[in-house]
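Q:
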Amino acid sequence: MFEAQLVVAIQSVFLVSILGEWMAIFLARVLIFAYVPLLLWIWVYGHKVQQHIAKEAVWAAGLAILIGESLSLLVLRVRPFLFWDNVVVLIPPPLTGSWPSIHTATALAMTTALFMINKKLGWFGLLLAAGVALGRVAAGVHYPTDILSGALIGFLAYCLVRLGHNALKKIRV
């Protein structure tokens, strides 16, 4: 019940104007793509370690999506706009369950990699991830716990990729 009230409260901030609705849609659907040119720039212009971490970010994002989609199919949590009459959906309804937020998982996987490259880039990535997460709630497609668990999955996905990479380096030696 509290989560639905929180979703409605967040939506009330964005639904006061068409500009607010546009902002929620932008955050929910478009902002995630800001990572692409950022990681591409690092991959092309960064030094060797940074380039490798940028590649790990892509692998971690893929792993986060795989884990998130798998869990979503297992849990099948009903999305807020389907369960609560006072929650408005602002984007085309996703076909999978609400839990976890795969967008947030993907964003946090890439953000964790950015922290490994540079703390300032990491904080910028965290700002992007927070925008994505807020947009998903404001769009009416996620509960706050979906966001939190997605963030944890993204962080763990990067950690798994990093551990796997370190294990492979030891095998090659």
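Sequential numbering from 79 applies to the sequence shown in our numbering. Ideal placement from N, C-alpha and C gives every residue a C-beta, glycine not left out. Keep in mind the model is a prediction, meaning the values are calculated, not measured.
1. Nearest by alpha-carbon distance to SER179: which of ASN244, ALA82, THR223 is it?
2. Taking only runs that begin and end inside the segment 158-216, name each unbroken alpha helix (DSSP H) of 4 or more residues, in chain order.
3. Would you say the segment 143-160 touches the segment 170-184, given that touching needs at least three Cβ pairs under 8 Å?
4. Measure the C-alpha to C-alpha separation of ALA132 and LEU117 and round it to an integer number of angstroms.
5. Rounding to the nearest angstrom, what Cα-Cα distance links MET79 and VAL165 in this structure?
6. Cutting at 7 Å between CB atoms, please list the residues of its own chain near GLU81, excluding the five before and the five after it.
7. Pick helix, strand or coil for SER95, following the three-state DSSP scheme.
8. Could you tell me which of LEU160, PHE161, HIS125, THR184 sits nearest to GLU147, measuring between CA atoms?
9. Is SER158 buried or exposed, if buried means 16 or more other CB atoms sit within 10 Å of its CB?
10. Please report the distance separating the alpha-carbon of TRP121 from that of HIS130.
11. In whole angstroms, what is the alpha-carbon distance linking ASP163 and ALA216?
12. Where does HIS220 fall in DSSP's three states?
13. Return the chain-ordered list of same chain residues with a C-beta closer than 8 Å to the C-beta of ALA112, the five sequence neighbours on each side being excluded.
A: Straight from the coordinates:
1. THR223
2. 158-161, 180-195, 197-216
3. yes
4. 6 Å
5. 12 Å
6. TYR221, PRO222, THR223
7. coil
8. THR184
9. It is worth fixing the name first, because residue 158 is Pro in this sequence and not Ser. That one is buried.
10. 7 Å
11. 15 Å
12. coil
13. LEU206
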